Amino acid sequence: MPKVIVVVRPESILPLDLVKQHLRIDHSAEDALLQTYIAAATEEIDGPDGWLGVSLGRQTLEWQGDSFPADGSSPIMLPCGPVFQIVSVSYTDRDGGSQSFADHELFGQDLFVKRGSRWPSTICRPAAARIRYESGHVQEAVPTPVIQALLIMVEDFWERRAVDGPMHPTAARLLAPRRVWI
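Take the sequence shown: its letter number 34 is residue 34 in full-length UniProt numbering, and every next letter is one higher.
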């Protein structure tokens with residue numbers, strides 16, 4: 001079964017100044033603690049392991065599969081969009097050598113082989129086929145309800161100093177329409 005790993009993590013999509021304004025904090029003594037809360041809240045919903053199933057901030061991901069589609073031409077749906085660029089497509093050939101593959105085209109989140117081409121054959125081993133790609137939003141394009149949900153999650157951490165249980169109901173309602181089910 002294919003998996004997706006994070007190669008380059010995104011910069012924070014939630015500015016510290018906005019969090020401090022939301023929490024009405026006017027000093028810097030708690031900045032380091034607030035940064036950990038921001039990181040924890042973001043990691044809970046962002047990227048391949050996040051609750052939303054999408055990439056919020058710009059990041060580099062790698063799809064890893066045991067092989068390319070067996071029929072030689074089916075597209076590969078790249079999770080955690082929006083996908084905006086393919087960095088590389090590589091594979092381990094049947095002789096164990098590492099190869100690149102350039103005959104592909106990206107349409108939305110689907111990677112297709114170019115007309116007249118076929119996906120290459122790979123050796124039989126985990127992660128023999130690899131697609132490295134960039135996905136996510138620029139900070140200014142992250143949907144406002146997502147920013148608001150993150151602020152609520154950080155506020156939860158701040159007020160309770162620990163969150164044990166489900167996501168805050170308001171944050172969950174704000175995020176639910178944007179959740180991608182795979």
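Built from N, CA and C at the ideal position, the CB exists for glycine as well.
Here the structure is a predicted model, which is why all the values come from computation and not from measurement.
CB-CB length for residue i against residue j, believed under 8 Å
i: residue 120; j: residue 101; result: 6 Å
i: residue 5; j: residue 62; result: 5 Å
i: residue 135; j: residue 81; result: 6 Å
i: residue 38; j: residue 154; result: 6 Å
i: residue 54; j: residue 178; result: 7 Å
i: residue 10; j: residue 57; result: 3 Å
i: residue 13; j: residue 142; result: 5 Å
i: residue 125; j: residue 92; result: 7 Å
i: residue 90; j: residue 98; result: 6 Å
Environment of residue i [buried if 16+ CB atoms lie within 10 Å]
i: residue 65; result: buried
i: residue 32; result: exposed
i: residue 48; result: buried
i: residue 146; result: buried
i: residue 180; result: exposed
i: residue 138; result: exposed
i: residue 40; result: exposed
i: residue 29; result: exposed
i: residue 156; result: buried
Residues bridged to residue i [DSSP beta-bridge criterion]
i: residue 119; result: Answer is none; residue 119 lacks a bridge partner.
i: residue 55; result: According to DSSP, residue 55 bridges with nothing at all.
i: residue 98; result: 92
i: residue 129; result: 65 and 91
i: residue 104; result: 113
i: residue 46; result: 54
Start and end residues, beta strand (DSSP E) containing residue i
i: residue 83; result: 83 to 92
i: residue 8; result: 3 to 8
i: residue 110; result: 110 to 113
Residue span of the alpha helix (DSSP H) that contains residue i, given as start and end
i: residue 158; result: 144 to 160
i: residue 30; result: Where residue 30 is concerned, there is no enclosing alpha helix (DSSP H), given that its DSSP letter is neither H nor E.
i: residue 14; result: No alpha helix (DSSP H) contains residue 14, which DSSP labels as neither H nor E.
i: residue 173; result: 169 to 175
Spatial neighbours of residue i in its chain, beta-carbon cut-off 6 Å, leaving aside the 5 residues before and after
i: residue 86; result: 106 and 133
i: residue 148; result: 174
Residues near residue i by beta carbon distance below 7 Å, same chain, minus five either side
i: residue 111; result: 75, 76, 78, 86, 104 and 131
i: residue 158; result: 23 and 37
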